[in-house]
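A.B. asks:
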Amino acid sequence: MATKTTNFQCPACTGPLHFDSGTGGLLCDYCGSRYTVEEIEAQFSQQEKKTEQETAQKTQRTWETERMGEWGPDADRMLVYTCSSCGAELLCEKTTAATSCPYCGNPTVVPNQLSGALKPDYIIPFQQDRAAAMAALKKHYQKKFFLPKAFTEQNHLEKLQGVYVPFWLFDGTGDADIRFHATRSHFYRSGNYEVTETDHFSVRRAGTVPFSRVPVDGSSKMPDDYMDSIEPFRYEALRAFSMAYLPGFLADKYDVTAQESAQRARQRLLHSTKEVMREDVRGYETVTPTSTQVEIVPGAVHYALLPVWMLTTKWNGKTFLFAMNGQTGRLVGDLPVDWRKFWLTFGMMAALFGVILLLSGLPQWIARAILTLFG
Amino acid sequence: MKKWTVCLLILCLGIFCLAPACAAGTGEQHYITDEAGLLQDSQRLELERQAKDISQRYGCGVYLVTVGDYTDTAPGSVYDCARVIYTQKNLGLGAEQNGLLLLLSMEDRDYSLISHGTAGNAAFTDYGKDVLTDAFLPALADNDWYEGFQLYLEQSETLLAQAAAGHPVDAPGQNVGRFHPLAILFSLVLGSGVAAIVCLILKGSMKSVREAAGASAYLEPDGVQFTIRQDHFTHRTQTRRKIETEVKSSSSGGSGGFSGKSGKF
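Top to bottom, those sequences are chains A and Y.
292 is the number that numbering that gives the first Met the number 0 gives to position 293 of the first sequence; each next residue is one higher, with no gaps.
217 is the number that numbering that gives the first Met the number 0 gives to position 218 of the second sequence; each next residue is one higher, with no gaps.
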């Protein structure tokens, strides 16, 4: 059976509504009407009740003829849904929570994906729009000396998509007890001798280091290093989850469980707990840990959808992926290197520095010293 | 009669003043002057004989002067004092007064080794002086004066002999010019190193994707609680390093001026 979808329609003209990151409300593309999230949520709630009653009546009268099994083994990871705007029957991955119809462009939310036990606790609405993402990408290309000129000229944007990425937000406390060996030296002259006195200390630091909402992405489709690199998110903009924020963007539900993600969060907490303890050992010249005991006390786990713009460009048959934090605008993505330019620059610089050094007499002095020592 | 007396007096004074200069010119001078009293008479005479022999053979005076405190002779450094003594005593052989002087000042165990004249400086190069001091300083450090001075004379003779043969002892790298192949090679290696650092920094800006290691951005503000903060002093260690006080100096005057070094023994 096709999955029921939600289409946020304009109460004025029934046109599709999009979440507008600029105003933080919903905007009708057709009549230009604007609504707050709360207004649309109330309307959607009423409409949903009505639809459920109608569906119940229909179910009593008709036979179920559509079976997922007909799709074979792929049915386990596929989802069929009907576009509530144009009626097209569409396929998407089971993790897709919000998308748009390829026929009519109608933004659609698949409610079952984000309801009940799967409902996210929080969401950070998009604060950066498509134009900001494009501008950030252009800026990302600037001042990159080894970026191939043809890359900026010839590459074209394959895809630009705002995605609500599922994240697990881990609360936890690092409980640490670390011992260090620290030294502090001072020098003085005694006759013809320079004396170095080194004081040795046994230093111990123990305590608790609480962390709040450490994000780990719960989508296997999203590269972990990209999601880490666009951090941090500013949690003061966290909102209680509402589907009204989703129209106009893709949204995925998690396919990596909180348990599976916990290991990454634990590693990050361990690392930072040790850092906090080490940074408190001040006033020494050397500090070496001699014994380290750190335990991570797990806290609450929250499920949140966080806004990310994913940008894909293609150049020389190769795909380049960029990700932008949909809240802060921080954009990351590795760029190709013009190796011809790299080696040419290296050669020219080596020759230039070589001549400058040669004229400075430093290599002559080194040659003399080496010949004196080993000659 | 009175006129004749005055003339005789002037003549005597002139002879008195010119006598040291004539003595220097004819080689009638002391090569070993032991004011500090480090040597027995027999030892001093033997060293004097050796020094005179070496000096006359190579036309370059090899001198040794010991004093109680060099500051009683001349103000400034021990190197300055050596220059004063060399000049006052009119040391050196030949028109350029070629020679080598080792001055020991016992008060603070200072020494200075200076050479003078074109031939003197050519035979006793900076590197040659290093070779020389390496030979005799250990014996002087052990207060083995006679053996130290003998080593000084023997090594000086060796250096003079090599200079006379046309191969003065000099640092192996002394002839390395600015465009010596080895210098060019080092320029390329160092230049490549600097270029590599600059290029790798520029290349590093092309990569912006990295996995996060920590979570410091998510620390709860003012949430860190320390239950134990202990800093205990355990012990103290001491290392001593001898300060090399050796100072190399040279004075202008072309290749014929003074050049030398000084230090402690």
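Don't be surprised by glycine CBs; every beta carbon is placed ideally from N, CA and C.
1. Quick check: what's the CA-CA separation for Q266 (chain A) versus Q224 (chain Y)?
2. Given that a residue counts as buried once 16 or more other Cβ atoms are within 10 Å of its Cβ, and exposed if not, what is P106 (chain A)?
3. Run down chain A in chain order and give the residues with a C-beta less than 7 Å from the C-beta of H234 (chain Y).
4. DSSP three-state call for C27 (chain A): helix, strand or coil?
5. How would you write the range of the alpha helix (DSSP H) that L158 (chain Y) sits in, first residue to last?
6. Taking DSSP's pairing of strands, which residues face N97 (chain Y) in a bridge?
7. If contacts are defined as beta-carbon pairs under 8 Å, then L99 (chain Y) and C59 (chain Y) qualify, I think. What distance do you get, rounded to the angstrom?
8. With respect to the beta strand (DSSP E) encompassing I227 (chain Y), which residues constitute its N-terminal and C-terminal limits?
9. Taking 8 Å as the cut-off, does the segment 138 to 156 of chain Y touch the segment 33 to 50 of chain Y (at least 3 CB pairs, one atom from each stretch)?
10. Between which two residues does the beta strand (DSSP E) holding R98 (chain A) run?
11. Could you run through the segment 187 to 214 of chain Y and flag, in chain order, every residue whose CB is less than 9 Å away from some CB of chain A?
12. With DSSP run on the structure shown, which of helix, strand or coil describes E106 (chain Y)?
13. Are the C-beta of G253 (chain Y) and some C-beta of chain A separated by less than 7 Å?
14. With distances taken Cα to Cα, identify the nearest neighbour of K313 (chain A) among A:F125, A:T151, A:T35 and A:N191.
15. Check the Cβ of D227 (chain A) against every Cβ in chain Y and list those closer than 8 Å, keeping chain order.
16. Could you name the residues of the segment 202 to 223 of chain A whose beta carbon sits closer than 7 Å to any beta carbon of chain Y, in the order they occur along the chain?
17. Would you check if the distance between the CB atom of F185 (chain Y) and the CB atom of P362 (chain A) is smaller than 7 Å?
18. Would you kindly work out how many angstroms separate the C-alpha atoms of K49 (chain A) and E40 (chain A), rounded to a whole number?
19. Determine whether the Cβ of M323 (chain A) lies closer than 7 Å to any Cβ atom of chain Y.
20. Suppose the cutoff is 6 Å on Cβ atoms and the five residues either side in sequence are ignored; what does the same chain contact list for G171 (chain A) look like?
21. CB Y140 (chain A) to CB V208 (chain Y), shorter than 7 Å?
22. Whose Cβ in chain Y lies nearer than 8 Å to the Cβ of R267 (chain A)?
23. Does any residue of chain Y bring its CB to less than 7 Å from the CB of T195 (chain A)?
24. Between the segment 50 to 72 of chain Y and chain A, which residues of the former have a C-beta closer than 9 Å to a C-beta of the latter?
25. Checking contacts by CB at 7 Å: is T64 (chain A) closer than that to chain Y?
26. Is G116 (chain Y) near Q87 (chain Y), with beta carbons less than 7 Å apart?
27. Would H166 (chain Y) count as contacting chain A if we go by Cβ distances under 7 Å?
28. Taking 7 Å as the threshold (beta carbon to beta carbon), is G68 (chain A) in contact with chain Y?
29. Residues of chain A with CB closer than 8 Å to the CB of T226 (chain Y), please, in chain order.
30. Going by the CB atoms, is the gap between V300 (chain A) and F179 (chain A) shorter than 7 Å?
31. Helix, strand or coil, according to DSSP, for K263 (chain Y) in the structure here?
32. For the segment 186 to 201 of chain Y against the segment 202 to 220 of chain A, do three or more pairs of beta-carbon atoms, one drawn from each stretch, fall closer than 8 Å, so that the two count as touching?
33. Given that a residue counts as buried once 16 or more other Cβ atoms are within 10 Å of its Cβ, and exposed if not, what is I200 (chain Y)?
34. Taking contact to mean 3 or more Cβ pairs, one atom from each stretch, closer than 8 Å, check whether the segment 185 to 192 of chain A and the segment 203 to 220 of chain Y are in contact.
35. From which residue to which residue does the alpha helix (DSSP H) around Q326 (chain A) run?
36. With 16 as the cutoff for other CB atoms within 10 Å, does L12 (chain Y) come out buried or exposed?
C.D. replies: In terms of the structure at hand:
1. Q266 (chain A) and Q224 (chain Y): Cα-Cα distance of roughly 20 Å.
2. Classification of P106 (chain A): buried, given that the 10 Å Cβ count is 16 or more.
3. Correct list: H199.
4. Reduced to three states, the DSSP call for C27 (chain A) is strand.
5. Element bounds for L158 (chain Y): W144 to A163.
6. Beta-bridge pairing links N97 (chain Y) to Y:L92.
7. 7 Å between Cβ atoms; contact.
8. Per DSSP, I227 (chain Y) belongs to the beta strand (DSSP E) from Q224 to K241.
9. Flag = yes, the segment 33 to 50 of chain Y and the segment 138 to 156 of chain Y touch.
10. Note that residue 98 (chain A) corresponds to Thr in the displayed sequence, not to Arg. From DSSP, the beta strand (DSSP E) with T98 (chain A) extends over T95 to S99.
11. Residues L187, V188, L189, G190, S191, G192, V193, A194, A195, V197, C198, L201, K202, S204, M205, K206, S207, V208, R209, E210, A211, A212, G213 and A214.
12. Coil.
13. With a pLDDT of only 44 at G253 (chain Y), under 50, the local geometry of the prediction cannot be trusted, and the value read off the model is given with reservation. For G253 (chain Y), no Cβ of chain A is located within less than 7 Å of the residue's own Cβ.
14. For K313 (chain A), the closest C-alpha among the options A:F125, A:T151, A:T35 and A:N191 is that of A:T151.
15. Using a Cβ-Cβ cut-off of 8 Å, D227 (chain A) is close to R209, E210 and A211 of chain Y, given in chain order.
16. Answer in chain order: V202, R203, R204, A205, G206, T207, V208, P209, F210, S211, R212, V213 and D223.
17. The answer is yes: Cβ separation under 7 Å.
18. For K49 (chain A) and E40 (chain A), the distance between alpha carbons rounds to 14 Å.
19. Not an interface residue.
20. Excluding five sequence positions before and after G171 (chain A), the CB atoms of its chain that fall closer than 6 Å to its own CB belong to F210, L268, I295, P297 and G298, given in chain order.
21. For Y140 (chain A) and V208 (chain Y), no; Cβs fall outside 7 Å.
22. Near R267 (chain A) (Cβ distances below 8 Å), the residues of chain Y are A211, A212, G213 and A214.
23. Closer than 7 Å: yes.
24. Close to chain A, meaning a Cβ-Cβ distance shorter than 9 Å, is no residue of the segment 50 to 72 of chain Y at all.
25. Residue confidence is low: T64 (chain A) scores 48 on pLDDT, short of 50, so the model does not pin down where it sits. Its coordinate-derived value is still stated next. Output row for T64 (chain A): interface = no.
26. Taking 7 Å as the cut-off, the beta carbon of G116 (chain Y) is found no closer than this to the beta carbon of Q87 (chain Y).
27. Interface with chain A (7 Å Cβ-Cβ cutoff): H166 (chain Y) is excluded.
28. Summary for G68 (chain A): the model assigns pLDDT 46, below 50, so the residue's position carries little reliability, and this model does not support an answer.
29. Simply A205, G206 and T207.
30. Contact: no.
31. Reduced to three states, the DSSP call for K263 (chain Y) is strand.
32. Contact between the segment 186 to 201 of chain Y and the segment 202 to 220 of chain A is absent, with fewer than three C-beta pairs closer than 8 Å.
33. Counting C-beta atoms within 10 angstroms of its own C-beta, I200 (chain Y) has fewer than 16 neighbours from the protein chains shown and is therefore classed as exposed.
34. Result no; under three Cβ-Cβ pairs closer than 8 Å.
35. It is not in any alpha helix (DSSP H) - Q326 (chain A) carries neither H nor E in the DSSP assignment.
36. Because the pLDDT of L12 (chain Y) is 49, which lies under 50, any placement of that residue in the model is unreliable, and the number read from its coordinates should be weighed accordingly. Label assigned to L12 (chain Y): exposed.
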